[in-house]
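Asker:
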Amino acid sequence: MNTIRISAVSYYNTLPLIYGISQSGILKNYELRLDVPSLCAVRLLNDEADISLVPVGALPSFHEYNLIGKHCIGAVGNVKTVLLLSNVPVNQLRKIYLDTDSRTSVVLVKVLAKRLWKVSVEWESLEGKDPLNLATDEGVVLIGDKTFGKPNKFNFCYDLAGCWHELTGLPFVFAAWISTRPLPAEFSQQFEAALQWGVQHKEQSISLAKNLVISEAELIHYLKYDISFELDDAKKKGLELFLSYLREDRY
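Okay, so the sequence shown: first residue is 806 according to the numbering used here, each after it adds one.
1. Would a C-beta distance cut-off of 8 Å place Leu1024 and Ala1014 closer than the cut-off?
2. Only counting runs of 3 or more residues, tell me where the beta strand (DSSP E) segments fall wholly within the region 995-1036, in order along the chain.
3. Provide the residue(s) that pair with Ala961 in DSSP beta bridges, ordered along the chain.
4. So which of Val914, Leu1028 and Ser930 has the shortest CA-CA distance to Val895?
5. Does any residue of chain C bring its CB to less than 8 Å from the CB of Ser907?
6. State the start and end residues of the unbroken alpha helix (DSSP H) segment that holds Val924.
7. CA-CA distance, Leu947 and Ser1049?
8. Could you pull the start and end residues of the alpha helix (DSSP H) that Gly1043 belongs to?
9. Using a threshold of 8 Å, state whether the C-beta atoms of Ser910 and Leu965 are closer than that.
10. Three-state secondary structure (DSSP) at Pro821?
11. Please report the distance separating the alpha-carbon of Ser1010 from that of Leu1028.
12. Mark Lys1007 as exposed unless 16 or more other C-beta atoms lie within 10 angstroms of its C-beta, in which case mark it buried.
13. Measuring alpha carbon to alpha carbon, tell me which of Gly862, His868, Thr941 and Leu872 ends up nearest Ile901.
14. Are Leu937 and Lys958 closer than 8 Å when you measure CB to CB?
15. Does the region 836-848 come close enough to the region 879-887 to have 3 or more Cβ pairs within less than 8 Å?
16. Can you say whether Ala1022 is buried or exposed, counting buried as having 16 or more other CB atoms within 10 angstroms of its CB?
17. Considering only residues of the region 830-861, which uninterrupted beta strand (DSSP E) runs meet the minimum length of 3 residues and lie entirely inside it, listed in chain order?
18. If I measure Cβ to Cβ from Gln863 and keep anything under 6 Å in the same chain, skipping five residues before and after, which residues do I get?
19. Does DSSP put Lys951 in a helix, in a strand, or in coil?
20. Note the first and the last residue of the continuous alpha helix (DSSP H) segment covering Val978.
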């Protein structure tokens, strides 16, 4: 079997998956590269990876793709690390700055603005902007490890996964394992087993974390209770609905 190139996200929420891939000893003949979410999609599109943990907001960029395995980065209700932060209620915002590291959060907040909050705002990239230095009528979307310690610096915190659940009653999938061509059956079996092993060793997986900005106990709680790794039928239903909104709104 040839070496399989894997692209995955380097945030805390992927630690059990990365731990399973790299530490279980189950997976053979692979090359693992860690990136921000948006680059995971680009690497797969550019044929720089064979399988990638792709932000689902980027799936419309693919002409064809295969959803791989039974694991994802998802949430049932609040996730705590995909947030809209502001000092006034969302219906008083004039502009929202967007964290472009993940297209999923960018389009999710737009879906919520239209369908849940029913507001019209200006959208602007956060790049080069200090998220803690906003005008009163401005908000900011932050994702991943960058969110830790930020909510208490704002008056309002909207958890986008929780807001999605409020809108639809469904869980949300932030990223899923995607390939654009068939993978060897032997690799697919090893890959699924490695991911499952990692999910079963959440506490041990934090040994991979560097420069922790929260306590080990907080990180373990986050991985156990805020992130949901199983790509079950409810999450697939939520994903299908989200993608239908993207098609309808032409995002």
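Glycine included, every Cβ here is placed at the ideal spot set by N, Cα and C. Everything numeric in this text was worked out from a predicted model, so none of it was measured.
Answerer: Inspection of the coordinates gives the following:
1. yes
2. 1033-1035
3. The residue asked about is misnamed: residue 961 is Phe in this sequence, not Ala. The partner list for Phe961 (beta bridge, DSSP) reads Ser891.
4. Val914
5. Protein chain content of the structure displayed is limited to a single chain, and chain C is not contained in it.
6. Note, Val924: premise wrong, no alpha helix (DSSP H); not H, not E.
7. 24 Å
8. In the DSSP assignment, Gly1043 falls within the alpha helix (DSSP H) that extends over Asp1038 to Asp1054.
9. Yes. Within cutoff.
10. helix
11. 10 Å
12. buried
13. When only C-alpha atoms are compared, the closest one is Thr941.
14. yes
15. Below 8 Å, too few C-beta pairs join the region 836-848 and the region 879-887 to call them touching: fewer than three.
16. exposed
17. 835-840 and 856-860
18. It should be noted that the sequence gives Ala, not Gln, for residue 863. Excluding residues within five positions, the ones whose Cβ falls inside 6 Å are Ala846 and Arg908.
19. helix
20. First-last for Val978: Phe977 to Ser984, but that is the beta strand (DSSP E), not the alpha helix (DSSP H).
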